[in-house]
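So for the sequence shown, numbering that gives the first Met the number 0 puts the first residue at 0; every next one is plus one. Glycine is no exception: its CB is placed at the ideal position from the N, C-alpha and C atoms.
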Amino acid sequence: MIIMQLNDISKSFGAEEILANIKLEIKDKDRIAIVGRNGAGKSTLLKIMAEEMSYDTGEVIKPKDLTIGYLSQHTGLDSTKTIWNEMLDVFQELLEQEKKLRTLEEQMANQASPKLLEEYDRLQQEFETNGGYSYESDIKAVLAGLSFLDFDDQTPINELSGGQKTRLALGKLLLKKPDLLILDEPTNHLDIETLSWLEKYLTNYPGAVVIVSHDRYFLDKTVTIVYEISRHRTKKYHGTYSEFLQQKALNFEQEMKEFEKQQTEIKKLEDFIQRNIVRASTTKRAQSRRKQLEKMDRVDRPLGDESSASITFETSKRSGNDVLKIHDLSFGYADDEKPLFRNLSLHVTRGESIALVGPNGVGKTTLLKNILGSLHPTEGNIQLGTNVQIGYYDQEQANLSSNKTVLNELWDEYPSVNEKDIRTILGNFLFTGDDVLKSVQSLSGGEKARLALAKLRMQKANLLILDEPTNHLDIDSKEVLEAALIDFPGTIIFVSHDRYFINKIADKVVEMQQGGTTIYLGDYDYYLDKKQEEAELERLQEQAQTTSISEKKLSFKEEKKLQSEQRKRERQIAKLEETIEELEEELMVLEEDMTKPEVYEDHEKALEYTQKVNDIKQEVEKLMEEWTSLQDS
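Here it is, written out as structure tokens:
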């Protein structure tokens, strides 16, 4: 069933057109991704669908009773309530119903009239149907899934960080279970474990889901329809995100073939007309070709991808083979506090690309800052190799000056480089024309990310330390960055929650725990497979240990008791088999007698025999059930 249709939706901000003639259709169980470049209008489209923003032309068709839940990129719960009480707000109607049930129970304790009993029964059924006996477990499941398991339920929300408030806003929205769930970058502030939980939750979600996300791995796991916004319009593709990419490439190839085929035909016609139009003997044929050419429905050259960044990273010198050695590293922000991490060791050699993974709060960014020297370990040591030059990408972009222009952000640090060369480098990162005169403060998150990468490129470092480098980048820019890092001749250590990016870049995954590190020699999928193997092995070992303990607990007396019960069961089975055999023989005799004329011709006698046969059959069936139960026990 279609729950929403967008027909010819257009939206402009002043003279700038954002969306034009948008067509989109949502059915009640759809899983839809909306993809496109930063600035393509994805968030604008979501706001129009969620009735958070008006549109200029077109129409949005939906049922009046459609419930919509919308999570914007920057949504965060602003509340003075505790975590638990804020989540309880979702179930106000159920709480009111619960109060009514308790009131009715008190009244029935004094006088249980038929009318009260009927009202109580009706209300209890309604309460159960609406999830009255499961809402608390639903809240606990969502809070656990979104990494709030270690939080006290009575923690005030205003004490949480911005990212935690965003996760809670998502949790509250999931608990509401609207008919249409609209999520704008829901994977922000989620670690890999939480992302995996959200993927499973959305896969089983009872309503429709529309997602904007730059996490390609997440999209592959959750969506089956992709709408691409390009040049203000949408195009629909069926399948996962990866299948969309394949289909898009095939479509472009087919369209280009059709265009080139027609261009060849046009050229032949034009050549024929030019050669034959002035000759008396062939002019009629040339005029016929001209009419054919004029009537031809011309195919436009297919539009390829919009302009992409052109990123490369070079090194000014080659490092030694040993790039970094970390030995028994521990770090805590205060001497009297528990260390954030301890006993951490790592050896990095030239050319390696290492992904640091682990839950939020384990200290991944802190470790990077220890390597950089901006923080100092409480124990252990860090040793950089020969000729190692570090280039650092900060996810917060703290190294950008908000009061400068884009051009001066680079030129002030490299004043000896010609302005033309600085502009060329910025152009490679999609800052063209007057874009370079924008203030850094006015840039979007994606633009700041590209500017920070441009500064990183200028350093020509041979060890790149990257903290969430794909945050704020659109999918196309991520792919360009991946290609640049794959070709990078130096060494890379990076933190990322982008599993697709880790798969592309990493040749080693280092999982951080509070008490050390575990190293996996492969990409993210290999790491995931090994983690599952470890979990299964641990489960089998626990099962074997439990079985072993149980076996040891069986004393001689218990063993004798078990043997006695077994012998008793065997005697019961033998007795049942004997009884069943006797009854079956009696049944055969009765059924044979029923074929005799003196029985079947006598109505009363036939009825008596039939009753006896049915009674014996029921008895045999009952005894067979008992026999089966004893055999299985």
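| Roughly how many angstroms separate the alpha carbons of D120 and E135, rounded to a whole number? | Here the question's residue 120 lines up with position 121 in the sequence shown. Here the question's residue 135 lines up with position 136 in the sequence shown. Roughly 22 Å between the two C-alpha positions.
| Within the chosen definition, does the segment 424-435 reach the segment 173-183 through at least 3 CB pairs nearer than 8 Å? | no
| Is D77 buried or exposed, if buried means 16 or more other CB atoms sit within 10 Å of its CB? | Mapped onto the sequence shown, residue 77 falls at position 78. Result: exposed.
| task | Could you pull out every unbroken beta strand (DSSP E) segment of at least 3 residues lying fully inside the segment 232-297, listed in chain order? | result | 232-237
| alpha helix (DSSP H) segment containing Y69, residue limits | Taking the first residue of the sequence shown as 1, we reach residue 69 at position 70. Run containing Y69: none in the alpha helix (DSSP H); it sits in the beta strand (DSSP E), I67 to L70.
| field | DSSP state of Y413 mapped onto helix, strand, coil | value | Counting from one through the sequence shown, the residue named residue 413 turns up at place 414. DSSP places Y413 in coil when its eight states are reduced to three.
| field | Within-8 Å CB hit, L606 to chain D | value | Absence of chain D from the displayed structure is noted, only one protein chain being present.
| message | Given this structure, state the Cα-to-Cα distance separating P358 from K26, to the nearest angstrom. | response | Here residue 358 refers to the residue found at position 359 when the sequence shown is read from its first residue. Here residue 26 refers to the residue found at position 27 when the sequence shown is read from its first residue. Those two C-alpha atoms are separated by around 36 Å.
| If you run the structure through DSSP and keep just helix, strand and coil, what is Y392? | Taking the sequence shown and counting its residues from 1, one reaches residue 392 at position 393. Reduced to three states, the DSSP call for Y392 is strand.
| field | Close Cβ partners of Q396 (< 6 Å) along its chain, the five nearest in sequence each way excluded | value | For the purposes of this step, residue 396 is identified with residue 397 of the sequence shown, where counting begins at 1. Here the set comprises K447 and A451.
| query | Under 8 Å between the Cβ atoms of I381 and I491? | reply | Indexing the sequence shown from 1 puts residue 381 at position 382. Indexing the sequence shown from 1 puts residue 491 at position 492. Result no, Cβ atoms of I381 and I491 do not sit closer than 8 Å.
| query | Within 10 angstroms of its Cβ, does G489 collect 16 or more other Cβ (buried), or is it exposed? | reply | To locate residue 489, count along the sequence shown from 1; it is residue 490. The residue in question, G489, is buried, as its Cβ has 16 or more Cβ neighbours within 10 Å.
| message | Does E537 pass the burial test, meaning 16 or more other C-beta atoms within 10 Å, or should it be called exposed? | response | The count along the sequence shown starts at 1 and reaches residue 537 at position 538. Exposed is the call here.
| task | Quick one: residues in its chain with C-beta nearer than 7 Å to the C-beta of K41, no 5 flanking neighbours on either side, listed in chain order? | result | Residue 41 sits at position 42 when you count from the first residue of the sequence shown. I33, G35, V211 and I228.
| said: Could you tell me which whole beta strand (DSSP E) segments of length 3 or greater appear in the segment 99-161? | reply: none
| message | Between which two residues does the beta strand (DSSP E) holding H471 run? | response | Within the sequence shown, the letter at position 472 stands for residue 471. Here H471 belongs to no beta strand (DSSP E), and DSSP marks it neither H nor E.
| task | Inspect the CB distances between the segment 396-413 and the segment 475-485 and report whether three or more fall short of 8 Å. | result | no
| field | Under 8 Å between C-beta atoms of M86 and M48 | value | Position 87 of the sequence shown, counting from 1, holds the residue named residue 86. Position 49 of the sequence shown, counting from 1, holds the residue named residue 48. Not closer than 8 Å, so no.
| field | Cβ shell of L465 (< 6 Å), same chain only, five flanking positions each side left out | value | In the sequence shown, the residue the question calls residue 465 occupies position 466. Within the same chain, L465 has close Cβ partners Y392 and F493.
| task | For F428, count neighbouring Cβ atoms within 10 angstroms of its own Cβ and tell me buried if that reaches 16, exposed if not. | result | As a position in the sequence shown, residue 428 is number 429, starting the count at 1. So F428 ends up on the buried side.
| task | Pull up the DSSP beta-bridge partners for E378, would you. | result | Locating residue 378 in the sequence shown gives position 379, counting from the first residue. S329, per the DSSP bridge assignment.
| query | From G161 to Y523, what does the alpha carbon distance come to, in whole angstroms? | reply | Sequence index remark: in the sequence shown, residue 161 carries index 162 (1-based). Sequence index remark: in the sequence shown, residue 523 carries index 524 (1-based). Cα-Cα distance, rounded: 28 Å.
| query | Does any heavy atom of the ligand FMN sit closer than 7 Å to the C-beta of K26? | reply | Here there are no bound small molecules, and the ligand FMN is not part of this structure.
| Below 8 Å between beta carbons: does that hold for V209 and I31? | Working through the sequence shown from its first residue, we reach residue 209 at position 210. Working through the sequence shown from its first residue, we reach residue 31 at position 32. For V209 and I31, yes; Cβs fall inside 8 Å.
| said: Once DSSP output is grouped into helix, strand and coil, what is the label at E16? | reply: Translated into the one-based positions of the sequence shown, residue 16 becomes position 17. Three-state result, E16: strand.
| Under three-state DSSP, which class holds F430? | Counting from one through the sequence shown, the residue named residue 430 turns up at place 431. Note: F430 maps to coil in three-state DSSP.
| Nearest to E259 by CA position, among R232, D299 and K507, is which residue? | One-based indexing of the sequence shown puts residue 259 at position 260. Looking at the Cα atoms, D299 is the closest of the given residues.
| query | Taking the alpha carbon of E467 as the point to measure from, which residue in A460, Q440 and I501 has its own alpha carbon closest? | reply | Residue mapping note: residue 467 aligns to position 468 of the sequence shown, counting from 1. Checking every option, the nearest Cα to that of E467 belongs to I501.
| said: Starting from Y519, trace the beta strand (DSSP E) in both directions and tell me its first and last residue. | reply: Walking along the sequence shown from the start, residue 519 turns up at place 520. Looking at the DSSP string, the run of the beta strand (DSSP E) that includes Y519 is G515 to Y519.
| task | Using three-state DSSP, classify G444 as helix, strand or coil. | result | On the sequence shown, position 445 is the one that residue 444 refers to. G444 falls in the helix class under three-state DSSP.
| message | Out of T223, L182, V141 and D151, which one is the CA nearest neighbour of D29? | response | Your numbering for residue 29 matches position 30 in the sequence shown. The candidate whose alpha carbon is nearest that of D29 is T223.
| said: Runs of 4 residues minimum, wholly inside the segment 460-545: which ones carry the alpha helix (DSSP H) assignment? | reply: 474-485 and 498-504
| field | Separation of R166 from W83, as counted between CA atoms | value | Position 84 of the sequence shown, counting from 1, holds the residue named residue 83. Position 167 of the sequence shown, counting from 1, holds the residue named residue 166. Those two C-alpha atoms are separated by around 14 Å.
| Bridge partner(s) assigned by DSSP for M3 | For this step, residue 3 is matched to residue 4 along the sequence shown. I25.
| query | Looking only at DSSP bridge pairs, what is L182 linked to? | reply | Here the question's residue 182 lines up with position 183 in the sequence shown. Beta-bridge pairing links L182 to L70 and I210.
| request: Using the Cα positions of Q610 and R566, report the straight-line distance between them to the nearest angstrom. | output: Numbered from 1 along the sequence shown, position 611 holds the residue referred to as residue 610. Numbered from 1 along the sequence shown, position 567 holds the residue referred to as residue 566. Approximately 37 Å, taken between the alpha carbons.
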